[in-house]
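Note sheet for the following structure.
In this note's numbering, the protein residues as written are 8 to 449.
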C-alpha cells in the first residue's frame, strides 16, 4: 500500500514566488539533474492538499518448456485500488473538509509466450486485458464516472544475422469508454501499431540503428469527457467526444559508441502525426482559471538527443567521469505552421562524478534556454541555469550496505520554471534545497 499527502498547486502561497517578482518531461537524463517540483509551504488557511492512497495486489508466474519452439510462458495479474482525496482548509481552527474524491479500481492481466521460430529468429507473443472503473465526486469533479475496458494482442520478433539484427513488432488493440452520465456517449476504438528496426554492429565499439514505427494512440477518458476545473493543472479542461485515433509514423536514426574511455549515444528522430491530440489554451477564463480545449490536428515533431560519458581517470580505487548531454525537440501543426503548446526548449548539461574508495562526489550544471516558440495565447518561459551537487559515503558491512549522503539542489537559488508545466506561472521549481539522508540496504 502506498500513502502520500502533498499540496495542490495554486491553492497555497509560495514563498519562492513572492521573493522574486512546470510538469515534467517524458524523459529525464539524471536524478541529480532533474528533480520534481515541490511545495515547501506549511498548511494554511484556504489551502488544498491531496491525500493519495493506492493498494495493489500482484500475482506473477512463469514456466519454462523444453520444447524447441515454445521456450516459456509468463503471466501477471494486478488489482489496483487507487483513491485521491482533495482536502480543503476553509477557516483557521476548523477541521479540513474533503472537496473532491477520485477513485479508480483497475484489473490488468498479461500473458506472454517466448518462442523460437528458427535458429536465429526468437520472439515473444501475448495478450493483455484491462478493466478500469473511474469514480469521481465533489465540488471540483471535472470527469464523469466511467468504465473503460481494453484488450490487446502483440508480437515481437528478433532476427540475428551476424552483424545485423532485425526487429519487427505489432500490436492490435480494442478499447471502449462508457461514461455514466446522461448526455455523454460511449466511444469504442481499435488501433494497429507496427514497428521495424535494424541494428548494424560495425565493430566491437560502434553500432548504428535505424527504426520506423507506426504508433496508434486511442483517446482516454480525460481527453474525451473532461468538463471543468482540473485541480492539479489549475485549468478548466474541455474534452472532445469526437476525437479519433491518433496515428504517428516516425523514423529514428542513432549511433552508439562504447570504448574504454568514451560512451556516447547520438540520435535524431522525426514523427508525422495524423489526428494529433493536444490540449490547447484559449482566450477564455472561468472564475480566474484559464480554459483549455482538447483539439486534434496534423502535426510534425522532430528532435535530437546527445549523451556522452568520458572517463578522465580510471585507477584501482578512483574514477573520474565527465558527462555532457543535450536535447532539443520542435513540434508544429502542419496546416498553419503554429508551434505545439508546452514543448520543452533546448537543454544542455554537464556533470562530473568522482569516486575514491568509499567516498563519492557528483557535480552537475543544467542550462535550459528561453522558450520563445509558443502556441498562440501561450506565454513564453525564461530559461535558467541550475547547479546541483551530491557527496556520499558508502560502507559495506557483511551483507549490508550503508550510505550517508548530502545533496544540494539548485545551489544558486535560481528562479526556474518548466515550460511544459500547466502551473509554471504559479509554481516554480524548488529553490535552494539541502538534503541529508541515510540509506541502509540489507
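Even for Gly, the Cβ is constructed at its ideal location relative to N, Cα and C.
By the three-class DSSP mapping on this structure, what secondary structure does residue i have?
i, result
"residue 259", "strand"
"residue 38", "Since pLDDT at residue 38 reaches only 42, below the 50 mark, its modelled position is unreliable, and no value is offered."
"residue 419", "coil"
"residue 230", "helix"
"residue 126", "coil"
"residue 450", "This structure cannot speak to residue 450, because the chain is shown only from 8 to 449."
"residue 138", "strand"
"residue 281", "strand"
"residue 252", "coil"
"residue 447", "strand"
"residue 21", "Unreliable placement is indicated for residue 21, whose pLDDT of 37 sits below 50; the coordinate value is still reported in the next sentence. Here residue 21 sits in coil by DSSP."
"residue 349", "coil"
"residue 341", "coil"
"residue 312", "strand"
"residue 380", "coil"
"residue 63", "strand"
"residue 242", "strand"
"residue 148", "coil"
"residue 30", "Bear in mind that the predicted position of residue 30 carries a pLDDT of just 39, short of 50, making it unreliable; the figure below should be weighed with that in mind. DSSP places residue 30 in coil when its eight states are reduced to three."
"residue 237", "strand"
"residue 247", "coil"
"residue 439", "coil"
For residue i, which residues does DSSP report across the bridge?
i, result
"residue 426", "Answer by DSSP bridge pairing: none, since residue 426 is not bridged."
"residue 131", "121 and 163"
"residue 156", "138 and 183"
"residue 224", "253"
"residue 292", "297"
"residue 92", "58 and 108"
"residue 392", "374"
"residue 217", "205 and 260"
"residue 79", "71 and 121"
Do you know offhand how far residue i's Cα is from residue j's?
i, j, result
"residue 70", "residue 77", "11 Å"
"residue 351", "residue 126", "45 Å"
"residue 327", "residue 333", "20 Å"
"residue 258", "residue 198", "19 Å"
"residue 393", "residue 329", "17 Å"
"residue 169", "residue 214", "13 Å"
"residue 429", "residue 443", "31 Å"
"residue 132", "residue 67", "17 Å"
"residue 312", "residue 272", "8 Å"
"residue 417", "residue 390", "14 Å"
"residue 436", "residue 426", "11 Å"
"residue 449", "residue 110", "35 Å"
"residue 172", "residue 166", "6 Å"
"residue 384", "residue 279", "24 Å"
"residue 224", "residue 381", "24 Å"
"residue 447", "residue 402", "10 Å"
"residue 190", "residue 255", "31 Å"
"residue 93", "residue 242", "16 Å"
"residue 293", "residue 208", "57 Å"
"residue 290", "residue 112", "36 Å"
"residue 250", "residue 310", "26 Å"
"residue 296", "residue 240", "10 Å"
"residue 201", "residue 252", "15 Å"
"residue 438", "residue 398", "19 Å"
"residue 73", "residue 84", "25 Å"
Compute the beta-carbon to beta-carbon distance between residue i and residue j, rounded to the nearest angstrom, for a pair I have assumed lies under 8 Å.
i, j, result
"residue 164", "residue 128", "6 Å"
"residue 219", "residue 203", "6 Å"
"residue 187", "residue 151", "6 Å"
"residue 245", "residue 298", "7 Å"
"residue 212", "residue 160", "Rounded, the Cβ-Cβ distance is 39 Å, inconsistent with contact."
"residue 63", "residue 90", "That belief does not hold up - the Cβ atoms of residue 63 and residue 90 are roughly 13 Å apart, past 8 Å."
"residue 194", "residue 183", "7 Å"
Threshold first: 4 residues or longer. Then list the alpha helix (DSSP H) segments lying entirely within the segment 166 to 191, N to C. none
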